[in-house]
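One structure below.
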Amino acid sequence: MENTVYHKTARAQQELATRSDLLSLKARQLLIMIDGARNVSVLKQLAPATDVEAVLARLRELALIAEQAGAPLAAVTRPVATGPLPEPARLAQVRTLVQDSAREYLGETWLNRLASAFDALASTNALEQLLEDWQTALRRSGHRGVADRVQREIRIVLS
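In case it helps, this note's numbering puts the sequence shown at residues 16 to 174.
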């Protein structure tokens, strides 16, 4: 359990954006710290006054987090694809939008991670997770407006 890594689900992103009364302050703080890279042991160090195990159980119960195996982005364990990836031209447009914003606002490390993740895409679930991780990184680095703008552009491309 100490080495388990969690990532936020799309529902968690929505919860953080809307700030409903669903979560306590400590649960919300812990949810913000969950980034797909920190394991439970690190989360316990970051939140020593919080019953991390209990809060994680509650976040799992609410489907706000999911267990992640392997390296962030590239090796996310997901169910079998629920649908095909978008057509190659649309996927290329999405990739360009994501990578341009990563290049400008997140740096080379994220750009390389995203390039590897795009190369390994096999399902719509993997694409959704990649986009969720990218948005989280932009928001955490203080570029919420950019994340929202590019997300709208991606929706247009995929619609």
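Where a beta carbon is used, it is the ideal one built from N, C-alpha and C, also for glycine.
Rounded to whole angstroms, what is the Cα-Cα separation between residue i and residue j?
i: Gly43; j: Gln144; result: Checking the sequence shown, residue 43 turns out to be Arg, not Gly. Those two C-alpha atoms are separated by around 20 Å.
i: Leu40; j: Pro103; result: 43 Å
i: Leu46; j: Pro99; result: 30 Å
i: Tyr120; j: Leu106; result: 21 Å
i: Ser56; j: Leu74; result: 17 Å
Taking 8 Å as the limit between beta carbons, can you name the residues of its chain near residue i, skipping five residues before and five after?
i: Leu112; result: Val165, Glu168, Ile169, Val172
i: Arg53; result: Val20, Leu61
i: Arg26; result: Leu77, Ala78, Leu79
Reducing DSSP to helix, strand and coil, say where residue i ends up.
i: Ala81; result: strand
i: Pro103; result: helix
i: Ala137; result: coil
i: Leu121; result: coil
i: Thr175; result: Coverage of the chain is limited to positions 16 through 174, which leaves residue 175 absent and any answer about it impossible.
i: Leu74; result: helix
i: Arg34; result: coil
i: Ile49; result: coil
i: Ser39; result: coil
Sort out for me which residues DSSP pairs residue i with in a bridge.
i: Tyr21; result: Glu82
i: Asn54; result: Val20
Identify, in the order they occur along the chain, each residue of the same chain with its Cβ nearer than 6 Å to the Cβ of residue i, setting aside the five sequence neighbours on each side.
i: Lys59; result: Val67
i: Phe133; result: Arg110
Got a sec? Which residues, its chain only, sit under 7 Å from residue i by beta carbon, not counting five neighbours each side?
i: Trp125; result: Ala117, Ala152
i: Thr24; result: Ala78, Leu79, Ile80, Ala81
i: Ala86; result: The predicted model places Ala86 with a pLDDT of 45, which falls under 50 and marks its position as unreliable, so this point remains unresolved.
Beta-carbon of residue i versus every beta-carbon of chain C: anything under 7 Å?
i: Val20; result: This model lacks chain C altogether; it includes just one protein chain.
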